[in-house]
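Heads up, the thing below is written out as structure tokens.
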Amino acid sequence: MTRKSIKDISLVLGSGGARGLAHIGAIRVLEAHGLQIRSLAGSSMGALIAGFYAAGKLDDYEAWVRELTEFNVLRFLDIAWGGSGMLKGDMLMGTLKDFIGDHRIEDLPIPLTIVATDVRARKEVWINEGSLFDAIRATIAVPTVFTPHLIKGRQLLDGGILNPVPIAPTLQDTTDAIIAVSVSGEPKKLKPPSQQVKTADKPERQRSVYRKHIDQFIDNLQDRLGLNGKDEDTEQLSLADAAMLSIDTMEASIARCKLAAYPPDLLIEVPINTCGAHEFYRAREVIAAGEYWTEQALVRFNGED
């Protein structure tokens, strides 16, 4: 099977905090290549992007997140004094709810499964009905960061705890292919722009748009991807950094196991060192990263040089 024989796809979007903004870029490129998303599944940030897309609100969310600054992000950090998470997330969740409105998952035009984790029962939970906002609130409840969210008597946390890239909910779909986007790929350093691969069959105007994004992405991240000249082993980790890096490491390891057990037809991997899980103020760069790595995956999948 080649990309040219695929039209309808099931799209699986993985967890990864701010790196999940790369899913926006991935969706833009997949659509530009004529692929139609007929089914969605996601964990954590991947579920948020999938939910916004299914509800027709992704453009609004993208416009908002592209304008976030580091100061804006800090404004959303409302401390939870006591309880099971450092942050209540009320300010952030209120903003997200304003964006997404009042949607029920079963009424969305695209079938959607959101994966969360019931830590008391020690198992993953697939949510495909009920309030879309509630499901998103549950699956983005990062342990120790956000407080759990109660749905049908269950206290639910981040779906990435047990299933960072949830392929299984899409296995019964009748689409042409399952495409998964993992934002926990191996760390990488980009090649110089002169060595970048071009897509031969892309219209010239469209190619120039993506070339602009890719060049900007390279300019901004060349020194931050891969080796950046710092000896990370000598840097003192804060408690928050240690917690987030531990979660990143855990989810990356689980994602590799899940993908080995349920390999998609096409796997798009965004390097784990693209940005920190909390760096939502780098949305423009991360979205461009999603575009870049999706283009590269499609080139390889279609056997182009």
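Taken in order, the sequence shown gives residues 1017 to 1321; the numbers are from the working numbering.
All C-beta atoms in this analysis are idealised placements derived from N, C-alpha and C, irrespective of residue type, glycine included.
Please read all numbers here as calculations on a predicted model, not as lab measurements.
- Apart from sequence neighbours up to five positions away, the residues of its chain that approach R1300 with a beta-carbon distance below 6 Å are R1082, ordered along the chain.
- A Cβ-Cβ distance of about 15 Å is found for the pair A1193 and V1181, leaving them out of contact under the 8 Å criterion.
- With contacts defined as CB atoms closer than 9 Å, I1025 and I1065 fail to qualify as a contacting pair.
- Rounded to the nearest whole angstrom, the CA to CA distance from T1163 to G1175 is 14 Å.
- Residue environment analysis places A1137 among the exposed positions, since fewer than 16 neighbouring C-beta atoms fall within 10 angstroms of its C-beta.
- When DSSP assignments are scanned along the segment 1031-1080, the uninterrupted stretches of beta strand (DSSP E) that are 3 or more residues long and fall wholly within it turn out to be 1052-1059.
- Annotation: T1155 is outside any beta strand (DSSP E); the continuous alpha helix (DSSP H) that includes it extends over L1148 to T1155.
- Across the set F1149, H1119, A1268 and L1029, the C-alpha of L1029 shows the shortest separation from the C-alpha of L1046.
- Under the Cβ criterion (8 Å, minimum of three pairs), the segment 1053-1072 counts as touching the segment 1138-1158.
- R1170: member of the beta strand (DSSP E) spanning R1170 to L1173, first to last residue.
- With respect to L1112, I1121 sits apart: the two C-beta atoms are not nearer than 9 Å.
- Taking the CA atoms as reference points, L1173 sits about 25 Å from I1284.
- The residue among K1205, L1084 and E1202 with its C-alpha nearest the C-alpha of E1295 is L1084.
- G1032 is the residue among L1037, S1021 and G1032 whose C-alpha sits nearest the C-alpha of A1271.
- Judged by DSSP in its simplified three-state form, E1311 adopts helix.
- Proximity to Q1188 across S1055, R1035, A1048 and A1038 peaks at S1055, based on C-alpha coordinates.
- The C-beta of S1059 has 16 or more other C-beta atoms within 10 Å across all chains shown, which makes the residue buried.
- The continuous stretches of beta strand (DSSP E) do not include G1319, and DSSP gives it neither H nor E.
- G1072 sits close to P1125, with the two beta carbons spaced by under 9 Å.
- Residue range K1139 to I1143 is occupied by the beta strand (DSSP E) that includes K1139.
- For D1106, the closest of V1161, E1078 and A1184 by C-alpha to C-alpha distance is V1161.
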